[in-house]
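These notes concern the structure reproduced below.
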Amino acid sequence: MESWLETHWARPFHLAFVFCLALGLLLTIKLYVRRQRLLRDLRAFPGPAASLFPGHQKLLEGENFEKLEEIVEKYPCAFPFWIGPFQAFFYIYDLDYAKTFLSRTDPKSNYLYKFLVPSVGEGLLNLNGPKWFQH
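In terms of full-length UniProt numbering, the sequence shown has 77 at position 77, counting the first letter as 1, and numbering is strictly consecutive.
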């Protein structure tokens, strides 16, 4: 007579496989929705065509600053810069655009400001909420 373990040894592995597959599918859907939201939000701002996986990172390799200068001349106020398929930065180099974005009253993303604090320090530029309105 065979024991239960001998006849059903694969069942836990099947359940683990199905769980991992479902988790992977869920993460893929989440990344897809994030990319579609970014594409929708940045649609109003023209920019250079980006590859799906590297994005615009090829522009930063080596001494390719001439290409970056061409982009700045072609898109005079701002343009989206993709780093991979799911992360985009918005380069602003026009003073009026910068004023518009920095004077927003809605909460600001902490992602960019964590890079800003070491170079500029804690100040009015990176304050948020009631403390910002006080100043």
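Don't be surprised by glycine CBs; every beta carbon is placed ideally from N, CA and C.
Thinking just about the alpha-carbon of each residue, which of the options is nearest to the one in residue i?
i, options, result
"R40", "D106, L21 and A88", "A88"
"F94", "C77, L102 and R37", "For the record, residue 94 in the displayed sequence is Asp; it is not Phe. Among C77, L102 and R37, the Cα nearest to that of D94 belongs to C77."
"Y75", "G84, L38 and Y91", "Y91"
"V33", "F86, P12, F79 and A10", "F86"
"A98", "F79, T28 and G47", "F79"
"V72", "G55, Q57 and P48", "P48"
How would you write the range of the alpha helix (DSSP H) that residue i sits in, first residue to last?
i, result
"A16", "R11 to L42"
"A88", "No alpha helix (DSSP H) holds A88; the beta strand (DSSP E) holding it covers A88 to I92."
"F101", "L95 to L102"
What distance in whole Å lies between the Cβ atoms of residue j and residue i, which are believed to be in contact at a cut-off of 8 angstroms?
i, j, result
"W82", "A44", "No, W82 and A44 are not in contact; Cβ-Cβ is about 16 angstroms, not under 8 angstroms."
"G84", "F53", "6 angstroms"
Beta-carbon of residue i versus every beta-carbon of chain B: anything under 9 angstroms?
i, result
"T105", "The displayed structure is made up of one protein chain only, and chain B is not part of it."
Starting from residue i and walking both ways along the beta strand (DSSP E), at which residues does that stretch end?
i, result
"F65", "Not the beta strand (DSSP E): F65 falls in the alpha helix (DSSP H), residues F65 to K74."
"residue 142", "It is not possible to answer for residue 142, since the shown part of the chain is limited to 1 through 135."
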